[in-house]
Amino acid sequence: MQWEAVIGLEVHVQLATQSKIFSGASTAFGAEPNSQACAVDLGMPGVLPVLNENAVAMAVRFGLAINAEIPEYSVFERKNYFYPDLPKGYQTSQMAQPIIGRGEVEITHGEGDARLVRIHHAHLEEDAGKSLHEDYHGMTGIDLNRAGTPLLEIVSEPDMRSAAEASAYLKALHAIVTYLGISDGNMAEGSMRCDVNVSLRPAGSEQLGTRAEIKNVNSFRFVEQAIAFEIERQSEILEDGGRIVQETRLFDPDHGETRSMRLKEEANDYRYFPCPDLLPLMLDSAYIDHQRTLLPELPSEKRHRFTSELGLSAYDAGVLIATRPLAEYFEQVHAICGNAKLAANWVQSELMGRLNHDSLTVEESPVSATQLGELLVRLEDSTINGKGAKQVFADLWERRGESADELIEAHGLRQVTDSGAIETMIDEVIANSPVQVTQYREAPEDKRGKMIGYFVGQVMKLSKGTANPQQVNTMLREKLDALL
Amino acid sequence: MHDKTLAELARGLAGGQWTSRDITTALLERIERLDPTLNSFITVTGEQALHDAGEADEARARGQAGMLTGIPLAYKDIFCTEGVRTSCGSRMLDNFVAPYNATVVDKLRLAGTVSLGKTNMDEFAMGSSNENSYYGPVRNPWDQSLVPGGSSGGSAAAVAAGLVPAALGTDTGGSIRQPAAFCGITGLKPTYGRVSRYGMVAYASSLDQGGPLARTAEDCAWLLNVMAGHDARDSTSVSRSVPDYTSELDKPLDGLRIGLPREYFGEGLDGGVDSAIRDAIRVYESLGASVIDVSLPHTELAIPTYYVIAPAEASSNLSRYDGVRFGHRCDNPDTLEDLYKRSRAEGFGEEVKRRILIGTHTLSEGFFDAYYRKAQQVRRLIRQDFLDAFRQVDVLMGPAAPTPAFPLGETADPLQMYLQDIYTIAINLAGIPGISVPAGFVGQRPVGLQILAPHFAESHLLNVAHAFQQATDWHQRRPDIDGSEPA
Numbered sequence: 001m002q003w004e005a006v007i008g009l010e011v012h013v014q015l016a017t018q019s020k021i022f023s024g025a026s027t028a029f030g031a032e033p034n035s036q037a038c039a040v041d042l043g044m045p046g047v048l049p050v051l052n053e054n055a056v057a058m059a060v061r062f063g064l065a066i067n068a069e070i071p072e073y074s075v076f077e078r079k080n081y082f083y084p085d086l087p088k089g090y091q092t093s094q095m096a097q098p099i100i101g102r103g104e105v106e107i108t109h110g111e112g113d114a115r116l117v118r119i120h121h122a123h124l125e126e127d128a129g130k131s132l133h134e135d136y137h138g139m140t141g142i143d144l145n146r147a148g149t150p151l152l153e154i155v156s157e158p159d160m161r162s163a164a165e166a167s168a169y170l171k172a173l174h175a176i177v178t179y180l181g182i183s184d185g186n187m188a189e190g191s192m193r194c195d196v197n198v199s200l201r202p203a204g205s206e207q208l209g210t211r212a213e214i215k216n217v218n219s220f221r222f223v224e225q226a227i228a229f230e231i232e233r234q235s236e237i238l239e240d241g242g243r244i245v246q247e248t249r250l251f252d253p254d255h256g257e258t259r260s261m262r263l264k265e266e267a268n269d270y271r272y273f274p275c276p277d278l279l280p281l282m283l284d285s286a287y288i289d290h291q292r293t294l295l296p297e298l299p300s301e302k303r304h305r306f307t308s309e310l311g312l313s314a315y316d317a318g319v320l321i322a323t324r325p326l327a328e329y330f331e332q333v334h335a336i337c338g339n340a341k342l343a344a345n346w347v348q349s350e351l352m353g354r355l356n357h358d359s360l361t362v363e364e365s366p367v368s369a370t371q372l373g374e375l376l377v378r379l380e381d382s383t384i385n386g387k388g389a390k391q392v393f394a395d396l397w398e399r400r401g402e403s404a405d406e407l408i409e410a411h412g413l414r415q416v417t418d419s420g421a422i423e424t425m426i427d428e429v430i431a432n433s434p435v436q437v438t439q440y441r442e443a444p445e446d447k448r449g450k451m452i453g454y455f456v457g458q459v460m461k462l463s464k465g466t467a468n469p470q471q472v473n474t475m476l477r478e479k480l481d482a483l484l
Numbered sequence: 001m002h003d004k005t006l007a008e009l010a011r012g013l014a015g016g017q018w019t020s021r022d023i024t025t026a027l028l029e030r031i032e033r034l035d036p037t038l039n040s041f042i043t044v045t046g047e048q049a050l051h052d053a054g055e056a057d058e059a060r061a062r063g064q065a066g067m068l069t070g071i072p073l074a075y076k077d078i079f080c081t082e083g084v085r086t087s088c089g090s091r092m093l094d095n096f097v098a099p100y101n102a103t104v105v106d107k108l109r110l111a112g113t114v115s116l117g118k119t120n121m122d123e124f125a126m127g128s129s130n131e132n133s134y135y136g137p138v139r140n141p142w143d144q145s146l147v148p149g150g151s152s153g154g155s156a157a158a159v160a161a162g163l164v165p166a167a168l169g170t171d172t173g174g175s176i177r178q179p180a181a182f183c184g185i186t187g188l189k190p191t192y193g194r195v196s197r198y199g200m201v202a203y204a205s206s207l208d209q210g211g212p213l214a215r216t217a218e219d220c221a222w223l224l225n226v227m228a229g230h231d232a233r234d235s236t237s238v239s240r241s242v243p244d245y246t247s248e249l250d251k252p253l254d255g256l257r258i259g260l261p262r263e264y265f266g267e268g269l270d271g272g273v274d275s276a277i278r279d280a281i282r283v284y285e286s287l288g289a290s291v292i293d294v295s296l297p298h299t300e301l302a303i304p305t306y307y308v309i310a311p312a313e314a315s316s317n318l319s320r321y322d323g324v325r326f327g328h329r330c331d332n333p334d335t336l337e338d339l340y341k342r343s344r345a346e347g348f349g350e351e352v353k354r355r356i357l358i359g360t361h362t363l364s365e366g367f368f369d370a371y372y373r374k375a376q377q378v379r380r381l382i383r384q385d386f387l388d389a390f391r392q393v394d395v396l397m398g399p400a401a402p403t404p405a406f407p408l409g410e411t412a413d414p415l416q417m418y419l420q421d422i423y424t425i426a427i428n429l430a431g432i433p434g435i436s437v438p439a440g441f442v443g444q445r446p447v448g449l450q451i452l453a454p455h456f457a458e459s460h461l462l463n464v465a466h467a468f469q470q471a472t473d474w475h476q477r478r479p480d481i482d483g484s485e486p487a
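Quick mapping for you: the protein sequence lines, in order, are chains A and B.
Number 396 in UniProt numbering belongs to position 396 of the first sequence; there are no gaps in the numbering.
Number 173 in UniProt numbering belongs to position 173 of the second sequence; there are no gaps in the numbering.
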């Protein structure tokens with residue numbers, strides 16, 4: 001049978017506030033264990049939470065970015081369960097009345113058109129601490145630095161149908177939160193964590209199958225791997241006439257597989273109820289309008305502008321908007337050189353190629369957008385040719401010079417476009433190549449095109465690469481054809 | 001010195017009749033002599049108190065004294081006090097030394113008061129007799145075979161016995177007003193949100209409110225002046241200016257409209273209490289007040305509503321006592337589950353466990369709507385009862401408790417015990433302020449008159465209570481305790 005996968009994601013985004021969601025302790029990553037947990041984070045007797053307004057502002061900006069309903073009134077609730085890294089014995093979260101209602105995220109992948117994934121809601125909550133099982137023989141270490149870090153949990157509708165779509169959705173969310181500056185989006189440090197719900201149904205069916213929830217899927221690649229594995233696992237069971245059990249599974253990145261963690265029957269009863277220590281959160285339209293003024297141009301808006309106004313392909317636009325720094329780099333290069341396609345090509349091939357090779361981010365690029373833009377200006381106005389431009393780029397990368405113009409002068413790369421000078425060189429090459437000239441003259445017409453390459457090469461060599469190759473080509477053909 | 005009011009002590013300090021060290025020394029001596037029997041303190045911080053008293057006297061010598069500088073106080077052991085054990089009357093926190101002060105403790109320290117220590121209480125403020133303390137029951141200074149009431153029983157007994165002029169308590173369902181009534185003193189529960197809850201160990205967060213227990217309404221006013229106000233660390237504290245609560249104390253009561261809720265004078269009310277309260281009402285009539293019969297129709301739902309909401313919140317609030325970070329931990333746990341189960345089984349007493357179980361049940365899937373949601377709906381009706389009544393009258397009056405203090409060990413049935421709070425509990429559900437003032441005796445057992453006012457009308461409430469204390473001397477009666485020997 002043909003099976004269709006139905007996929008929904010729950011993504012926890014760590015918000016980039018300076019302090020925690022309900023206390024004044026710092027949220028910086030990587031500090032000594034328990035050095036960034038105050039009395040409130042430790043759940044000491046008598047302490048009370050105070051909501052961090054910055055976390056609220058960030059959630060609202062996310063809501064605006066996904067065109068979501070933002071209710072006037074939302075409520076914090078307590079999710080009760082016991083775990084050693086959960087200091088109060090409950091997590092303060094939102095359930096019945098979350099801060100962000102229904103919205104939508106535009107995704108694109110491959111050559112396909114953009115489509116929308118519906119967002120069910122997004123809610124604010126506090127993170128738990130970490131249990132450290134290694135390094136303690138027969139014991140568990142507890143680090144509460146992370147306890148109370150603000151999270152925005154974004155829950156999608158089950159709108160994705162393939163691992164690639166799920167990954168594209170996660171990338172789109174990543175782009176939105178990093179464009180908004182509400183998260184650093186660092187998946188390796190856990191700033192974005194993903195739980196995946198997967199079920200299968202016969203193709204064409206409208207009914208949902210029984211789902212498995214896969215926890216701890218924390219990279220774009222793992223999302224694809226976990227879903228691919230899960231689709232395979234579930235379809236095998238269904239093909240054999242078996243039934244899927246509703247369960248929570250854990251993704252094991254070392255083996256690329258998912259494993260059962262607990263069955264639905266073993267799930268906690270979290271006994272949600274409104275947190276009596278926090279007042280309901282009221283947001284008026286003036287506040288929301290103010291947050292709207294703080295929104296940057298969003299990735300989907302940039303994509304549309306890059307294709308419709310700059311004439312880039314959907315693919316190029318998709319690559320360039322992936323992160324805000326990359327898009328802004330491209331835009332600066334374009335602003336200087338004025339040729340969007342040229343700028344797009346250079347950013348994607350030369351720049352990104354070298355960045356990937358050296359494992360650098362665009363912010364760490366040795367070549368600034370201004371430097372690249374100025375280099376492309378010289379390519380555009382034919383001061384240098386493509387080969388020279390690549391040489392200058394390599395020099396800029398190695399920091400052998402400050403600017404393209406300086407390097408062009410230093411290496412004498414200024415292109416020769418003076419036809420008198422080129423003609424002199426051509427005459428010299430023809431004079432020195434009697435054998436090749438004879439061969440050219442005797443060759444049938446359709447072979448001559450290829451043979452001209454030799455003469456072009458000789459002229460370029462003579463010019464030390466500075467002659468305009470196009471011009472050399474045209475003039476050579478005229479000269480040689482005149483000898484026929 | 002021990003039978004003076006806080007205001008009298010303050011005036012004596014200001015007039016140079018005595019120093020804070022004089023008072024503190026005398027009271028510490030008295031605690032040492034009498035408290036082994038009364039058991040009203042869990043921790044006495046004598047050395048610190050003498051040191052602080054010395055500093056208060058020095059501040060006064062420099063001309064830097066305020067009204068309360070050098071006044072000794074005691075805190076119910078539910079208020080976190082930096083560097084001093086905060087047990088909450090529980091084995092669970094027997095080893096817990098708070099690393100910070102509750103906001104009200106900070107405020108009162110800043111005002112120059114001197115803490116003598118931490119008073120006994122029902123474990124986690126759950127109880128109406130102070131018999132639920134890990135540190136043993138408190139005895140009523142009027143008759144040591146009687147309970148002092150609860151849960152702020154230690155604070156009430158200490159003030160009544162003249163061990164301290166005033167003490168702080170908390171009131172979730174009557175825990176300031178009922179022990180104040182049983183011990184013949186004055187106890188004020190402010191409006192919910194008027195006093196910060198930060199650093200007050202939570203029992204039921206939407207009901208808990210800290211307040212003073214003292215000899216007079218005037219003393220309560222002086223303390224509330226310092227305690228009240230918005231606290232950035234408590235989101236439920238109200239941002240509203242704090243008046244001088246002493247400024248209206250002496251206003252005449254001409255034209256005061258007193259409502260008597262008929263539900264507060266029905267079945268179950270002790271005859272002696274009933275007649276004492278009716279006598280008190282007549283005093284008010286003689287002061288120019290008129291009396292109006294009113295109804296609070298949802299009164300009978302207050303106890304069941306409270307016993308859904310308070311345990312639900314408590315079951316969550318007390319989850320943090322898991323043996324992991326602080327508090328009691330069982331010996332040699334085998335597994336995580338063993339650690340949780342034994343630490344909590346050993347650390348909590350019976351009543352606390354009972355309420356955790358009730359609360360866990362009412363919040364459970366499938367029961368939430370029938371219990372918690374329904375209780376919240378009824379809570380709104382109860383609140384509306386009071387708002388409606390206050391459209392006809394300025395204050396409501398009635399007994400603080402259905403009986404005077406009862407013998408220790410007599411009430412074993414928890415449901416019977418819960419009925420003790422029948423006149424006090426609805427006030428917490430509505431969030432309004434209430435005060436209990438001494439209003440006579442049944443035999444040797446004090447009776448408390450409860451006065452209720454609209455939200456944030458503490459000034460008026462204290463005015464009404466003060467007028468009664470200007471016209472009567474019940475608040476000046478003292479138990480004959482000095483002759484008694486330790487049992």
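Note that beta-carbon positions come from the ideal geometry of N, C-alpha and C, so glycine has one too.
Does M95(A) come out as helix, strand or coil in the three-state DSSP assignment?
M95(A): coil per DSSP, three-state reduction.
Given this structure, state the Cα-to-Cα distance separating D481(A) from P434(A), to the nearest angstrom.
Each residue's Cα considered, the two are about 15 Å apart.
So, are the CB atoms of L48(A) and S235(B) less than 9 Å apart?
Yes. Within cutoff.
Between the segment 84–99 of chain A and chain B, which residues of the former have CB atoms less than 7 Å from a CB of the latter, in chain order?
Within the segment 84–99 of chain A, the qualifying residues are P84, P87, K88, G89, Y90.
Output yes if chain B places a C-beta closer than 9 Å to the C-beta of G146(A); else output no.
Per the sequence presented here, residue 146(A) reads as Arg, with Gly not at that position. With 9 Å as the cut-off, R146(A) does not count as an interface residue toward chain B.
Determine, using beta carbons only, whether I176(B) and L146(B) come nearer to each other than 9 Å.
No, these two residues do not count as a Cβ contact at 9 Å.
Mark L326(A) as exposed unless 16 or more other C-beta atoms lie within 10 angstroms of its C-beta, in which case mark it buried.
With 16 or more Cβ atoms within 10 Å of its Cβ, L326(A) is classed as buried.
For K450(A), does the count of other Cβ atoms within 10 angstroms reach 16, so buried, or fall short, so exposed?
So K450(A) ends up on the exposed side.
For D240(A), count the other beta carbons within 10 Å of its own beta carbon; 16 or more makes it buried, fewer makes it exposed. Which is it?
Counting Cβ neighbours within 10 Å, D240(A) comes out exposed, since fewer than 16 surround it.
Got a sec, what are the start and stop residues for the alpha helix (DSSP H) V437(B) sits in?
No alpha helix (DSSP H) contains V437(B), which is instead part of the beta strand (DSSP E) from 434–442.
Does F273(A) get closer than 9 Å to chain B when you measure Cβ to Cβ?
Cβ-Cβ to chain B under 9 Å: yes for F273(A).
List the DSSP bridge partners of Q14(A).
DSSP output for Q14(A) lists L151(A) as bridge partner(s).
Which bits of chain B does A25(A) rub up against, with CB to CB less than 8 Å?
Result: empty, since nearest Cβ-Cβ is about 13 Å, beyond 8 Å.
If we define contact as Cβ-Cβ less than 9 Å, is C330(B) a contact residue for chain A?
It does not; no Cβ of chain A falls within 9 Å.
Check for me: the beta strand (DSSP E) holding E106(A) runs from which residue to which?
Per DSSP, E106(A) belongs to the beta strand (DSSP E) from 103–107.
Comparing the C-beta of D127(A) with each C-beta of chain B, is any distance below 9 Å?
With 9 Å as the cut-off, D127(A) does not count as an interface residue toward chain B.
Examine chain A for any beta-carbon lying closer than 9 Å to the beta-carbon of T360(B), and answer yes or no.
So, interface residue.
Give me the subset of the segment 27–48 of chain A whose CB atoms are less than 8 Å from a CB atom of chain B, sorted by chain position.
So the list reads A39, L42, G43, M44, P45, G46, V47, L48, given in the order they occur along the chain.
For the segment 88–99 of chain A against the segment 156–174 of chain A, are there 3 or more C-beta pairs whose distance is under 8 Å?
Taking 8 Å as the limit for Cβ pairs, the verdict is that the segment 156–174 of chain A does not touch the segment 88–99 of chain A.
Specify the secondary structure class of F41(B) as computed by DSSP and reduced to three states.
Strand, per DSSP.
Name the residue from L163(B), E82(B), Q420(B) whose alpha carbon lies nearest to the alpha carbon of R33(B).
Closest by alpha carbon: L163(B).
Going by DSSP, what residues sit across from M397(B) in a beta bridge?
Paired residue(s): I451(B).
Taking 9 Å as the threshold (C-beta atoms), are P179(B) and V273(B) in contact?
Result no, Cβ atoms of V273(B) and P179(B) do not sit closer than 9 Å.
Here's a check: name, in chain order, each residue in its chain whose Cβ is nearer than 6 Å to the Cβ of T466(A), leaving out the five neighbours to either side.
Hits under 6 Å: Q415, V416.
With DSSP run on the structure shown, which of helix, strand or coil describes A164(A)?
The answer is helix: DSSP assigns A164(A) an H, G or I state.
Report, in whole angstroms, the separation of the C-beta atoms of A102(B) and F79(B), which I expect to be a contact under 8 Å.
Their Cβ separation, rounded to whole angstroms, is 4 Å, which keeps A102(B) and F79(B) in contact under 8 Å.
Are the CB atoms of F455(A) and Q471(A) within a distance shorter than 9 Å?
No, the Cβ-Cβ distance between Q471(A) and F455(A) is not below 9 Å.
Does the beta carbon of R259(A) sit closer than 9 Å to a beta carbon anywhere in chain B?
False, the Cβ-Cβ gap to chain B never drops below 9 Å.
Give the interface partners of Y198(B) over in chain A, defined as CB-CB distance under 8 Å, in chain order.
Result: G46, V47, L48.
What do you get for P486(B), buried or exposed, if any count of 16 or more other CB atoms within 10 angstroms of its CB means buried?
Because the pLDDT of P486(B) is 41, which lies under 50, any placement of that residue in the model is unreliable, and the question is left without a value.
If we cut at 9 Å on Cβ distances, does N52(A) have a partner in chain B?
Not an interface residue.
In angstroms with no decimal places, state the Cα-to-Cα distance between S295(B) and G259(B).
Their Cα atoms are separated by approximately 9 Å.
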